[in-house]
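So the sequence shown is numbered by the numbering used here: it starts at 2 and just counts up by one. Below: the structure, in structure tokens.
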Amino acid sequence: MSDILDQLNELIADEASQPEYKHELAISAFTNEIARLMTDQGLSQSDLARRLGVSRARISQLLQHKSSPTLRTMVHIASALGCDVVPTVAPCGFRPPRFFVADGGKTI
Numbered sequence: 002m003s004d005i006l007d008q009l010n011e012l013i014a015d016e017a018s019q020p021e022y023k024h025e026l027a028i029s030a031f032t033n034e035i036a037r038l039m040t041d042q043g044l045s046q047s048d049l050a051r052r053l054g055v056s057r058a059r060i061s062q063l064l065q066h067k068s069s070p071t072l073r074t075m076v077h078i079a080s081a082l083g084c085d086v087v088p089t090v091a092p093c094g095f096r097p098p099r100f101f102v103a104d105g106g107k108t109i
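Below is the structure:
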């Protein structure tokens with residue numbers, strides 16, 4: 002975990018890295034929301050991996066930020082949890098409380 006924080010601190014310090022920092026924040030928000038949904042649904046990494054047809058190690062890599070999912074992968078993961086990914090564009094500096102993942106037509 003401290004490796005991720007060290008990397009993020011380095012990105013914050015370098016003004017030219019702002020897009021990469023924002024990318025990491027978005028991925029972090031997504032993976033945190035997926036982890037929360039898994040907990041709410043009582044799903045293990047193995048359960049989600051089976052639903053997606055991937056290895057448990059792949060899910061672990063995604064949840065530990067060792068791999069950045071593509072938008073297509075994000076949609077597949079959300080669908081496996083009975084949700085949709087809802088991309089949004091917001092003014093600079095806007096920080097939503099968490100990533101928007103729609104469940105049953107409502108934002109959770």
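Yeah, the Cβ is synthetic: ideal placement off N, Cα and C, and Gly gets one too. Just so you know, these numbers come straight off a predicted model, no measurement behind them.
DSSP three-state assignment for residue i, whether helix, strand or coil
{"i": "Val-1", "result": "In this structure the chain extends from 2 to 109, so residue 1 is not present and cannot be described."}
{"i": "Ala-30", "result": "helix"}
{"i": "Pro-92", "result": "coil"}
Exposed unless 16 or more other CB atoms sit within 10 angstroms - verdict on residue i
{"i": "Ala-58", "result": "exposed"}
{"i": "Ala-91", "result": "exposed"}
{"i": "Cys-93", "result": "exposed"}
{"i": "Gly-106", "result": "Bear in mind that the predicted position of Gly-106 carries a pLDDT of just 47, short of 50, making it too unreliable to give a figure here."}
{"i": "Val-87", "result": "exposed"}
{"i": "Leu-6", "result": "exposed"}
{"i": "Leu-38", "result": "buried"}
{"i": "Ala-17", "result": "Unreliable positioning characterises Ala-17 in this predicted model, as indicated by a pLDDT of 46, which lies under 50. The coordinate reading is nonetheless provided below. Answer is exposed; the Cβ neighbour count stays below 16."}
{"i": "Leu-82", "result": "buried"}
{"i": "Leu-44", "result": "buried"}
{"i": "Ser-3", "result": "exposed"}
{"i": "Leu-49", "result": "buried"}
At least 3 beta-carbon pairs within less than 8 Å: the region 27 to 43 vs the region 51 to 67: yes
Completely contained alpha helix (DSSP H) runs for the region 33 to 83, where each covers 4 or more residues: 46 to 53, 57 to 64 and 72 to 81
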